[in-house]
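Peer 1:
Protein chains: 2
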Amino acid sequence: MTKIDKMSRLVEKADAKSAKRARKKDDLADSAIAALKQLGYARTSLRDIAELSGVAVGTLHYYFEDKVDLITYCVRRYKISFMKEMQSILSDDVEATQLAERFIKGLSRSIRRDAETHRLWYDIRSQAMFDPAFHEVVQDIETGLIDIVGEFLTRTGNTHSEATPVYLMLDAAFRYHLQKYLAGDQSMPARFEAQVSMLLASITAAPTSGD
Amino acid sequence: MTKIDKMSRLVEKADAKSAKRARKKDDLADSAIAALKQLGYARTSLRDIAELSGVAVGTLHYYFEDKVDLITYCVRRYKISFMKEMQSILSDDVEATQLAERFIKGLSRSIRRDAETHRLWYDIRSQAMFDPAFHEVVQDIETGLIDIVGEFLTRTGNTHSEATPVYLMLDAAFRYHLQKYLAGDQSMPARFEAQVSMLLASITAAPTSGD
DNA sequence: ATTTGTACTGGACAAGTGTTCAGAATATGT
DNA sequence: ACATATTCTGAACACTTGTCCAGTACAAAT
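Protein chains in written order, with this note's numbering: chain A, 894 to 1104; chain B, 894 to 1104.
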């Protein structure tokens, strides 16, 4: 066995180790998300998470630096999976009008299915206004979301509309209907679809100048 | 002195009492707001507030039921003063285009001047997604804000636009630029004005159907 | 079989939390 | 002047918080 063989062996081992560690970390994150989406950032303690994960509190600190690290990891993880879902809709090979419909339907479905998880995002985004420790996650995720909206606009032939204002509009509507839905109003996902369709039509109809 | 005179005296006294108590309560609330706008809901303790107010912790409980009562009182107090400010702009006797300009300027000025206080609103609104104790304040304030937008639309001759979607748009833009402003970008209030002017133009240009 | 390293435990710690309440201080009414 | 009511205090209470770390369990390599 050559020296290089030995080295590559060691590298493989190390990779397998860190892969296993990463898997476990994600498992813990998933349990943490389940806890966080019920109580929110401030009211969920590490003990709550540990209990729900079936591990000791110390284990959480073994995989995550501190509470902020754990929470940001969770938010990132969830929001990225949501963004991938939206991306996959955008990669569908359908015409513009159908794509818009599918996109909006995807969002309203997400309100119905993952309302509790989404509120965690709004929670952290608000925290970021007070705690710079959350600036980076929020910035990253928000940039990603704007990118998706930009791609959506390109795909639907609205190259003259900017991504940011349209994202803001979608985000506002999403948040508002999510809030009402969580408060018990079952009609909100449908209303969301109607309102967004309308707004999207009026915004993309008129050309907007850049800044 | 008649019986009725005596009674009305007592009533006066009682009124003066409760008026004084109300004044003190508002004083405490103002101090509390000063503390809350720095740290946010979850991270501000009653001791922080008491210290900044120059009273003992017990005094806070003498005027407010509990922490939630105190916080909701503060948010309401601040947000109502903000709404009055906006209302006063709307009562100016100027033509439609000028009014729109003033209104937007009023909002961007509020970002500059009261950024830290506004984030408290977004904080509580997010908390409401988890804690029903905040549902009422959030609902009340949001209804008030939508009313103001409705009045604004009427005054600017946009009777065909609905208040809610326009509020959502304004809120989203406000929040977004506030967030960036708090993160250090000084150019945000100006950008906010530009973007809102643009969006308002495109939204109010196209008629929207009601639901 | 023994060493070495990783994975995990759970008790201890110091610092906080909201809330309560007996009692002191102050104001009010007579 | 006195008595009554209101306003305010701050120590005490019972809990919770994130973090740390000595020690255990387990796996892998020699």
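Cβ coordinates follow ideal geometry from the N, Cα and C atoms, glycine included.
(1) Could one say the Cβ of B:L1075 lies closer than 8 Å to chain A's Cβ atoms, at least one of them?
(2) Hey, B:L921 and B:S938: beta-carbon distance below 8 Å or not?
(3) Roughly how many angstroms lie between the CA atoms of A:D1033 and B:D1078, to the nearest whole one?
(4) The alpha helix (DSSP H) with B:S946 in it runs from where to where?
(5) Taking DSSP as the reference, what is the three-state secondary structure of A:K987?
(6) Looking only at its chain, what residues have a beta carbon closer than 7 Å to the beta carbon of A:Y1060, apart from the 5 residues adjacent to it on each side?
(7) For B:Q1032, name the three-state secondary structure that DSSP assigns.
(8) So, using beta-carbon positions, are A:A943 and A:L929 closer together than 8 Å?
(9) Could you check the C-alpha separation between A:D1007 and B:S1019 for me, to the nearest Å?
(10) DSSP on B:A935, reduced to helix/strand/coil?
(11) Report yes or no: is there a C-beta of chain B within less than 8 Å of the C-beta of A:I1004?
(12) Are the region 980 to 987 of chain B and the region 955 to 971 of chain B in contact at 8 Å, needing three or more beta carbon pairs?
(13) Just by C-beta distance, which residues in the region 1041 to 1068 of chain A are closer than 7 Å to chain B?
(14) Please identify the residue among B:F975, B:K918, B:R916, B:K998 whose C-alpha is closest to the C-alpha of B:S1090.
(15) Alpha carbons only, please: which of A:G1050, A:Y971, A:G951, A:H1011 is nearest the one belonging to A:L1093?
(16) Which residue comes first and which comes last in the alpha helix (DSSP H) that contains A:S1062?
(17) Using only CA atoms, which one of A:D986, A:W1014, A:A1065 lies nearest to A:K972?
(18) What in chain B is Cβ-close to A:L1092, meaning under 7 Å?
(19) At a Cβ threshold of 8 Å, is A:K913 touching chain B?
(20) Return the Cβ separation of A:Y934 and A:D1016 in integer angstroms, given the expectation that the two are a contact with Cβ distance under 8 Å.
(21) Measure the beta-carbon distance from A:L932 to A:H1011 and round it to whole angstroms, keeping in mind my assumption that it falls under 8 Å.
(22) The alpha helix (DSSP H) with A:F952 in it runs from where to where?
(23) For B:P1025, count the other beta carbons within 10 Å of its own beta carbon; 16 or more makes it buried, fewer makes it exposed. Which is it?
(24) Nearest-angstrom Cα distance between B:Q991 and B:S1001?
(25) Near B:R970, what residues of its chain come up, given a Cβ to Cβ distance below 6 Å and the 5 sequence neighbours on each side ignored?
(26) Any beta-carbon of chain A closer than 8 Å to the one on B:I1039?
(27) Output needed for B:D941: all residues of its chain with C-beta closer than 8 Å, excluding positions within five of it in sequence on either side, in chain order.
Peer 2: Well, looking at it:
(1) Taking Cβ atoms only, chain A reaches closer than 8 Å to B:L1075, which makes this a yes.
(2) Between B:L921 and B:S938, the C-beta gap is not smaller than 8 Å, which leaves the two residues out of contact.
(3) Taking C-alpha positions only, A:D1033 is separated from B:D1078 by approximately 17 Å.
(4) Following the DSSP letters along the chain, one finds B:S946 inside the alpha helix (DSSP H) bounded by residues 939 to 946.
(5) First, the amino acid is wrong: residue 987 of chain A is Val here, not Lys. DSSP places A:V987 outside both helix and strand once states are collapsed to three, so it counts as coil.
(6) The beta carbon of A:Y1060 sits closer than 7 Å to the beta carbons of L1038, I1039, V1042 from its chain, once the five residues preceding and following it are set aside; these are given in chain order.
(7) In the three-state reduction of the DSSP assignment, B:Q1032 falls in the helix class.
(8) Not a contact, by the Cβ cut-off of 8 Å.
(9) One Cα belongs to A:D1007, the other to B:S1019, and the distance between them is close to 16 Å.
(10) DSSP, read as helix, strand or coil, puts B:A935 in coil.
(11) Residue-level contact check: A:I1004 does not touch chain B, since none of the beta carbons of chain B fall below 8 Å from its beta carbon.
(12) Contact fails between the region 980 to 987 of chain B and the region 955 to 971 of chain B, because fewer than three Cβ pairs, one in each stretch, are under 8 Å apart.
(13) So the list reads P1058, L1061, M1062, D1064, A1065, A1066, given in the order they occur along the chain.
(14) Taking only the C-alpha atoms, the option nearest B:S1090 is B:K998.
(15) If you compare the alpha carbons of A:G1050, A:Y971, A:G951, A:H1011 with that of A:L1093, the shortest gap goes to A:G1050.
(16) For the record, residue 1062 of chain A in the displayed sequence is Met; it is not Ser. Taken as a continuous stretch (DSSP letters only), the alpha helix (DSSP H) holding A:M1062 covers 1056 to 1075.
(17) Considering only alpha carbons, the answer is A:W1014.
(18) Per Cβ cutoff of 7 Å: P1058.
(19) No, A:K913 does not count as interfacial toward chain B.
(20) In this structure A:Y934 is in contact with A:D1016, their Cβ atoms being roughly 5 Å apart against a cut-off of 8 Å.
(21) That pair is no contact at about 15 Å.
(22) In the sequence as displayed, the identity of residue 952 of chain A is Thr instead of Phe. Here the alpha helix (DSSP H) through A:T952 covers 950 to 956.
(23) Counting the other CB atoms within 10 Å of its CB gives B:P1025 a total below 16, which places it among the exposed residues.
(24) In a straight line, the C-alpha of B:Q991 is about 15 Å away from that of B:S1001.
(25) Only residues of its own chain outside the window of five on either side were considered, and among them A922 have a CB closer than 6 Å to the CB of B:R970, listed in chain order.
(26) No, B:I1039 does not count as interfacial toward chain A.
(27) In its chain, beyond the 5 residues on either side, A928, L932 have a beta carbon closer than 8 Å to the beta carbon of B:D941.
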